[in-house]
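Peer 1:
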Amino acid sequence: TQLLEQSPQFLSIQEGENLTVYCNSSSVFSSLQWYRQEPGEGPVLLVTVVTGGEVKKLKRLTFQFGDARKDSSLHITAAQPGDTGLYLCAGQRGNTPLVFGKGTRLSVIA
Amino acid sequence: GAVVSQHPSWVICKSGTSVKIECRSLDFQATTMFWYRQFPKQSLMLMATSNEGSKATYEQGVEKDKFLINHASLTLSTLTVTSAHPEDSSFYICSAREAGRGYGYTFGSGTRLTVV
Numbered sequence: 003t004q005l006l007e008q009s010p011q012f013l014s015i016q017e018g019e020n021l022t023v024y025c026n027s028s029s030v031f032s033s034l035q036w037y038r039q040e041p042g043e044g045p046v047l048l049v050t051v052v053t054g055g056e057v058k059k060l061k062r063l064t065f066q067f068g069d070a071r072k073d074s075s076l077h078i079t080a081a082q083p084g085d086t087g088l089y090l091c092a093g094q095r096g097n098t099p100l101v102f103g104k105g106t107r108l109s110v111i112a
Numbered sequence: 148g149a150v151v152s153q154h155p156s157w158v159i160c161k162s163g164t165s166v167k168i169e170c171r172s173l174d175f176q177a178t179t180m181f182w183y184r185q186f187p188k189q190s191l192m193l194m195a196t197s198n199e200g201s202k203a204t205y206e207q208g209v210e211k212d213k214f215l216i217n218h219a220s221l222t223l224s225t226l227t228v229t230s231a232h233p234e235d236s237s238f239y240i241c242s243a244r245e246a247g248r249g250y251g252y253t254f255g256s257g258t259r260l261t262v263v
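Going down the list, the protein sequences come from chains A and B. The C-terminal position of the first sequence is numbered 112 in the working numbering, with every residue numbered one higher than the one before it. The C-terminal position of the second sequence is numbered 263 in the working numbering, with every residue numbered one higher than the one before it.
1. Check each candidate in A:I15, A:L76, A:S14 and name the one with the smallest Cα separation from R38 of chain A.
2. Rounded to the nearest angstrom, how far is the Cβ of T196 of chain B from that of T178 of chain B, given a contact under 8 Å?
3. Which of the residues in the segment 190 to 216 of chain B, read from start to end, lie with their CB under 7 Å from any CB of chain A?
4. What does the Cβ neighbour count give for K211 of chain B, buried or exposed, with the cut at 16 atoms within 10 Å?
5. Where do the ends of the beta strand (DSSP E) carrying R259 of chain B lie?
6. Does any CB atom of chain B fall closer than 7 Å to the CB of G96 of chain A?
7. Does the distance from the C-beta atom of T225 of chain B to that of N217 of chain B stay below 7 Å?
8. Using three-state DSSP, classify G84 of chain A as helix, strand or coil.
9. Leaving out five residues before and five after L223 of chain B in sequence, what residues of the same chain have Cβ atoms less than 6 Å from its Cβ?
10. Using alpha carbons as the reference points, say which of A:S109, A:F102, A:V110 lies closest to Q8 of chain A.
11. Between S74 of chain A and chain B, is the shortest Cβ-Cβ distance under 7 Å, so that the two count as touching?
12. Please classify I240 of chain B as buried or exposed, where buried requires at least 16 other C-beta atoms within 10 Å of its C-beta.
13. Flag F181 of chain B as yes if its beta-carbon sits less than 7 Å from any beta-carbon of chain C, otherwise no.
14. Starting from the beta carbon of F254 of chain B, find every residue of chain A whose beta carbon is closer than 9 Å, and list them in chain order.
15. Would you mind reading off the limits of the beta strand (DSSP E) that contains Y37 of chain A?
16. Chain A beta carbons: is any one of them nearer than 7 Å to that of Y250 of chain B?
17. For R107 of chain A, which of A:L6, A:E40, A:V30, A:E19 has the nearest alpha-carbon?
18. Can you find the residues in the same chain that come closer than 7 Å, C-beta to C-beta, to F12 of chain A, ignoring five residues on each side of it along the sequence?
19. Straight-line CA distance for F254 of chain B to R244 of chain B?
20. What in chain B is Cβ-close to V52 of chain A, meaning under 7 Å?
21. Just to confirm, is the Cβ distance from R95 of chain A to T79 of chain A under 7 Å?
22. How many Å lie between Q35 of chain A and P233 of chain B at the Cα?
23. For S165 of chain B and V228 of chain B, which I take to be in contact (beta-carbon distance under 8 Å), what is that distance rounded to the nearest angstrom?
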């Protein structure tokens, strides 16, 4: 059973389009993090959300943590080819290790 | 910011040999480090939690005698894949978190292991 369900798994869009990636769970998390991974490299932290209902913005990326701290979303506005990569959500409960979703492989076509 | 250095970035070895992967926290101390395995086009799977000065905690299904973890200092954890087989070929990634710097983890750049 996957603790964190991430969708969609694959997404191919044209440059300039908007997209949203979802990360859902039946469990409550103390924090939820979003990472981006390029091929052959380790994940790089984009943002951490810790408060229910929290919204954080990072340029064209908007991250939201659900009120119940069970889900999160990542919205990208006006996607660019440089946004191409694997986006991973990861949740933490207390002091237990991070749990990763299966990831969303985004391809932005120029 | 916190930096985690992983070495080597790639290695090719023969079946039956052992390979050691190093993970270093360069500018902070890490009492706990984590080792992940990632198959092509898949997410990260936690293998074990490395604890400085004590035994590692392995996830269910991970053979502790095959994947030896040593965390002898606050800045270094090593993963040794013993008697490697082609099915051990994968991308191995370590991570650590600097205490007091928030919730985010820093990941190494990964090691691509190919067993031939």
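All C-beta atoms, glycine included, are put in the ideal place defined by N, C-alpha and C.
Peer 2: Let me lay it out:
1. On the first sequence, position 36 is the one that residue 38 of chain A refers to. Residue A:L76 is the option with its Cα nearest to R38 of chain A.
2. If you number the second sequence from 1, residue 196 of chain B lands on position 49. If you number the second sequence from 1, residue 178 of chain B lands on position 31. Between T178 of chain B and T196 of chain B the Cβ distance is about 11 Å, and since that is not below 8 Å, they are no contact.
3. S190, L191, L193, T196
4. Within the second sequence, residue 211 of chain B is the residue found at index 64, counting from 1. Exposed, since its Cβ has fewer than 16 Cβ neighbours within 10 Å.
5. In the second sequence, residue 259 of chain B corresponds to position 112, counting from 1. 258 to 262 is the extent of the beta strand (DSSP E) around R259 of chain B.
6. Numbered from 1 along the first sequence, position 94 holds the residue referred to as residue 96 of chain A. So, not an interface residue.
7. Here the question's residue 225 of chain B lines up with position 78 in the second sequence. Here the question's residue 217 of chain B lines up with position 70 in the second sequence. A contact, by the Cβ cut-off of 7 Å.
8. What you label residue 84 of chain A is simply residue 82 of the first sequence in a count that begins at 1. The answer is helix: DSSP assigns G84 of chain A an H, G or I state.
9. The sequence position of residue 223 of chain B within the second sequence is 76, counting from 1. Answer for L223 of chain B: R171, listed in chain order.
10. Taking the first sequence and counting its residues from 1, the one referred to as residue 8 of chain A is at position 6. Nearest option by C-alpha distance: A:F102.
11. By one-based count along the first sequence, residue 74 of chain A stands at place 72. With 7 Å as the cut-off, S74 of chain A does not count as an interface residue toward chain B.
12. Locating residue 240 of chain B in the second sequence gives position 93, where the first residue counts as 1. I240 of chain B is buried by the Cβ-count criterion.
13. Although the question refers to chain C, the structure presented lacks it and instead comprises the protein chains A and B.
14. To locate residue 254 of chain B, count along the second sequence from 1; it is residue 107. Neighbours of F254 of chain B on chain A, chain order: Y37, Q39, E43, G44, P45, V46, L47.
15. As a first step, residue 37 of chain A is located in the first sequence; it is residue number 35 there, counting from the start. Where Y37 of chain A is concerned, the enclosing beta strand (DSSP E) stretches over 33 to 39.
16. As a working mapping, residue 250 of chain B is identified with position 103 in the second sequence. So, interface residue.
17. Position 105 of the first sequence, counted from the first residue, corresponds to residue 107 of chain A. Among A:L6, A:E40, A:V30, A:E19, the Cα nearest to that of R107 of chain A is on A:E40.
18. On the first sequence, residue 12 of chain A is found 10 positions in, with the first residue counted as 1. Correct list, in chain order: R107.
19. Here the question's residue 254 of chain B lines up with position 107 in the second sequence. Here the question's residue 244 of chain B lines up with position 97 in the second sequence. The straight-line gap from Cα to Cα measures roughly 9 Å.
20. For this step, residue 52 of chain A is matched to residue 50 along the first sequence. Neighbours of V52 of chain A on chain B, chain order: Y250.
21. Start at 1 with the first residue of the first sequence, and residue 95 of chain A comes out as number 93. Start at 1 with the first residue of the first sequence, and residue 79 of chain A comes out as number 77. Their beta carbons are not under 7 Å apart, which means R95 of chain A does not touch T79 of chain A by this criterion.
22. Along the first sequence, one-based indexing puts residue 35 of chain A at 33. Along the second sequence, one-based indexing puts residue 233 of chain B at 86. So the alpha carbons of these two residues sit roughly 33 Å apart.
23. The sequence position of residue 165 of chain B within the second sequence is 18, counting from 1. The sequence position of residue 228 of chain B within the second sequence is 81, counting from 1. Confirmed, Cβ separation roughly 6 Å.
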